[in-house]
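Step one of this worksheet: look at the structure below.
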């Protein structure tokens, strides 16, 4: 079951990421809360995207708030990222 407070925080921070990095080259997934496409580059339309980033909500919110670095979260295995553009370092923190 999705916590409504976390749902709102995830959606609002993903919306900010999308605003700062428009496009459809990267898919960012925060299951079970939300997923977006963002980032400049080749547009993804069907199937599995070439650039996918997935993590849990706690990790995403810590990154968005600047409480954890991308490198640290990646090193501890909290982020699954694939593809040449699957790095959100230039866009973090968001708040």
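Residue numbers (this note's numbering): 1083 to 1177.
Yeah, the Cβ is synthetic: ideal placement off N, Cα and C, and Gly gets one too.
Residue 1164 carries a strand assignment under DSSP once its states are collapsed to helix, strand and coil. Our two residues, residue 1085 and residue 1166, have alpha carbons roughly 32 Å apart in a direct line. With fewer than 16 neighbouring CB atoms inside 10 Å of its own CB, residue 1083 falls in the exposed class. In the same chain as residue 1100, and ignoring 5 residues on each side of it, the C-beta atoms closer than 6 Å to its own belong to 1118 and 1120, in chain order. Setting aside the 5 residues that flank it on each side, residue 1148 is surrounded in the same chain by 1175, each with a C-beta closer than 6 Å to its C-beta; the list follows chain order.
Beta-bridge analysis with DSSP links residue 1119 to 1109.
By the neighbour-count criterion, in which a residue is buried when 16 or more other Cβ atoms sit within 10 angstroms of its Cβ, residue 1161 is buried. If you compare the alpha carbons of 1116, 1102, 1140 and 1124 with that of residue 1170, the shortest gap goes to 1102.
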